[in-house]
Amino acid sequence: MGQTSDATPPAAMPRDEVAEFLPAPTSDLRVAPFLEAIAAQAIEADASRSVDAELIAALKTSDVMRLSATKDLGGVEASMVDTGRELAAISARCPSLAWAMWNHVCVFHLFVGSLGPDHADFLADIVEAREWVSFPAGAGSGVKGTIDGDTVTLNGKATWSTGARYGDWCGVVFAIAENGETVRPMDIRFTLVRNNSEGVTIDPTWDGSGLRASATDDIHYDNVEVPLDRCVSWFGANRAESLRTVPVVSHRYREDWVGLSDLFLGWMAAAIVRECLIDAAAAVRERRVIMGGKMVERPTVQINVGRALSLVASAQAAITEATAEVDRRIDADRVPDTADYYRQQAIITMAVDQLQQAMDLLTRSQGGTALREGGDFDRRARDFRAMPLHINVHHDRVSHQVGRLALGIELAPF
Numbered sequence: 291m292g293q294t295s296d297a298t299p300p301a302a303m304p305r306d307e308v309a310e311f312l313p314a315p316t317s318d319l320r321v322a323p324f325l326e327a328i329a330a331q332a333i334e335a336d337a338s339r340s341v342d343a344e345l346i347a348a349l350k351t352s353d354v355m356r357l358s359a360t361k362d363l364g365g366v367e368a369s370m371v372d373t374g375r376e377l378a379a380i381s382a383r384c385p386s387l388a389w390a391m392w393n394h395v396c397v398f399h400l401f402v403g404s405l406g407p408d409h410a411d412f413l414a415d416i417v418e419a420r421e422w423v424s425f426p427a428g429a430g431s432g433v434k435g436t437i438d439g440d441t442v443t444l445n446g447k448a449t450w451s452t453g454a455r456y457g458d459w460c461g462v463v464f465a466i467a468e469n470g471e472t473v474r475p476m477d478i479r480f481t482l483v484r485n486n487s488e489g490v491t492i493d494p495t496w497d498g499s500g501l502r503a504s505a506t507d508d509i510h511y512d513n514v515e516v517p518l519d520r521c522v523s524w525f526g527a528n529r530a531e532s533l534r535t536v537p538v539v540s541h542r543y544r545e546d547w548v549g550l551s552d553l554f555l556g557w558m559a560a561a562i563v564r565e566c567l568i569d570a571a572a573a574v575r576e577r578r579v580i581m582g583g584k585m586v587e588r589p590t591v592q593i594n595v596g597r598a599l600s601l602v603a604s605a606q607a608a609i610t611e612a613t614a615e616v617d618r619r620i621d622a623d624r625v626p627d628t629a630d631y632y633r634q635q636a637i638i639t640m641a642v643d644q645l646q647q648a649m650d651l652l653t654r655s656q657g658g659t660a661l662r663e664g665g666d667f668d669r670r671a672r673d674f675r676a677m678p679l680h681i682n683v684h685h686d687r688v689s690h691q692v693g694r695l696a697l698g699i700e701l702a703p704f
């Protein structure tokens, strides 16, 4: 007969039904070694409005910085689905850092498409150094450039530069000027400027209630000189269409960054709501209602949580398939058309709408106690508010464009 043991078997890990319903494995991710540190600093980052400096330095040594660069540029050339998973894992732990990293991944893709093959060596140097890029070009931006020989002198302000405080380069869209006046017809160009260049200052203007450490600030250029040969014509509103025909470093860069940014934003939003679901379900199991009843036994709470879980599952399925469609298109070397471009935006806009509905249901089920206690649920709920409001996935803009597309009406510039 075999010997018996009196040793106590190891305790089973507690089940988390929400995590089982919405699996999000991370062990195979490039960001996996950093996830614990990302989560550990998230509360402090929210309070201080700045991501931990040592964490930023560590990330800059990693392949996470090279996700969107092709292998011929020295990058990882991660698939769009894999990139979405990486950003989702960060977002579940620190949405502010995810927002800044998302911006880097998306706008580097834009920069490669904009600068083109003639600047491949310059772009490869950025990739090799694992440098961080940002793109201040939001509403209220106004930068002019004066040509003097083989240099351009930049003056003005650019806005909404997410992650600039953590970064190394800023993309700059500027209008050519003579004697301080913009040339007509306008000559719009694009270049990259080092953040530490003489005359560049970063103004910490982001004061939002959510994504507090995203560093979405303003950049000021005061007589900043850049080489003329590093400046290219800017596609502007015709960007997505132009990328279908202009020379590109790789076929991958024919995909426009706005559509890709929507896909990745969807991954991040779903990850936040998933965490909120886990938090809410755990809280409901323990809480008591007025007169001492168990919150978990309230039918309306059960229904609200069930609907929220179903909405997230539905949104995640749509986001995953929309992202996989882009990967299949890239693998087949198929150039995206207008329908492709707007379909990915439409799907993600509706998915984020579902996620917003889920957040509303979870907030309702939490009641006033969640407002009083604050904590991770409240922080994540504040961060999530930025997701449906971003212009690239904004319901009003995207639905309007898709409606015009369906009705055969000329599309708006953006």
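All the letters of the sequence shown, read from the start, carry residue numbers 291 to 704 under my numbering.
In this text, a Cβ means the ideal position worked out from N, Cα and C, and glycines have one as well.
Query: To the nearest angstrom, how far is it from the Cα of MET585 to the Cα of LEU567?; Result: 15 Å
Query: In terms of residues, what are the limits of the alpha helix (DSSP H) holding SER551?; Result: 547-576
Query: In whole angstroms, what is the alpha-carbon distance linking GLN646 and SER381?; Result: 16 Å
Query: If you draw a straight line from the C-alpha of ALA571 to the C-alpha of THR472, how long is it?; Result: 57 Å
Query: Pick helix, strand or coil for TRP422, following the three-state DSSP scheme.; Result: coil
Query: Is ILE620 helix, strand or coil by DSSP?; Result: helix
Query: Which whole-angstrom value describes the C-beta separation of ALA648 and LEU601, a residue pair presumed to lie in contact below a C-beta threshold of 8 Å?; Result: 4 Å
Query: I want to know whether the stretch 500-513 touches the stretch 449-463 - three or more CB-CB distances under 8 Å.; Result: yes
Query: Quick one, are the C-beta atoms of SER424 and LYS447 less than 8 Å apart?; Result: no
Query: Since PRO517 is in the beta strand (DSSP E), which residue starts that stretch and which ends it?; Result: 507-517
Query: Is it the case that the Cβ atoms of ILE333 and LEU345 are separated by a distance below 8 Å?; Result: no
Query: Under 8 Å between the Cβ atoms of VAL417 and GLY365?; Result: yes
Query: Helix or strand or just coil, what does DSSP make of HIS690?; Result: helix
Query: Which runs of the alpha helix (DSSP H) fall wholly inside the stretch 330-395 and span at least 4 residues, in chain order?; Result: 332-338, 343-349, 370-383
Query: Starting from ARG544, trace the alpha helix (DSSP H) both ways and give me its first and last residue.; Result: Element bounds for ARG544: n/a, residue is neither H nor E.
Query: Apart from the five residues on each side of it in sequence, which residues of its chain come closer than 6 Å, Cβ to Cβ, to THR443?; Result: THR436, ASN513, GLU515
Query: If you draw a straight line from the C-alpha of ARG618 to the C-alpha of ALA322, how long is it?; Result: 26 Å
Query: From the DSSP output, read off the bridge partner residues of VAL462.; Result: THR481
Query: Considering only the alpha carbon of each residue, which of ARG356, LEU357, LEU387, VAL308 lies closest to ALA330?; Result: LEU387
Query: Compute the distance between the beta-carbons of ALA427 and LEU363, then report whether it is under 8 Å.; Result: no
Query: Express the C-alpha separation of VAL433 and LEU701 in angstroms, rounding to a whole number.; Result: 27 Å
Query: Kindly indicate which residue of HIS680, PRO678, GLY549 has the alpha-carbon position closest to the one of PRO626.; Result: GLY549
Query: I need the DSSP call for ASP408, collapsed to helix, strand or coil.; Result: helix
Query: Apart from the five residues just before and just after MET476, which ones in its own chain have a Cβ nearer than 7 Å to its Cβ?; Result: ALA465
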